[in-house]
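Here my numbering is used: the first residue of the sequence shown is 140, the next is one more, and so on. Notes to accompany the following structure.
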Amino acid sequence: LSNLIYLGRRGTAGIEVFDPFSLLPVVTVRTPGGVADMIIDNERNRLLLSVPERGQTVALSLAGRSLVGLADTGPGASHLGLVRTRQ
């Protein structure tokens, strides 16, 4: 699951996953809209995607490359960040 390149483009409802050695796409994953920002949540093995045209953040499983969650973030939200609490 590591050592892959994830590429999302605004206006394109999906992300492409590339092999960094051949620079060829391995798989394309459909999303609800164009992706403006991505961040990896290592603890949950998820790829979080900002989809501003829909006002949503989408969670994809890195293992299955499938949609596992959706959160409304409101119009205009386009950047992501993870905040961890101290134990």
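Ideal Cβ placement from N, Cα and C applies to all residues, glycine included.
Discussion item. Tell me the DSSP secondary structure of F157 in three-state form.
Written reply: strand
Worksheet item: Pick from S205, A216, T170: whose alpha carbon is nearest that of R185?
Response: S205
Worksheet item: What are the boundary residues of the beta strand (DSSP E) that L163 is part of?
Response: 163-169
Worksheet item: In whole angstroms, what is the alpha-carbon distance linking P214 and F160?
Response: 38 Å
Worksheet item: Does DSSP put G194 in a helix, a strand or coil?
Response: coil
Item to complete: Determine the burial state of V165: buried for a count of at least 16 other Cβ atoms within 10 Å of its Cβ, exposed for fewer.
Response: exposed
Worksheet item: DSSP three-state call for N142: helix, strand or coil?
Response: coil
Discussion item. Bridge partners for A210 per DSSP, in chain order?
Written reply: T196
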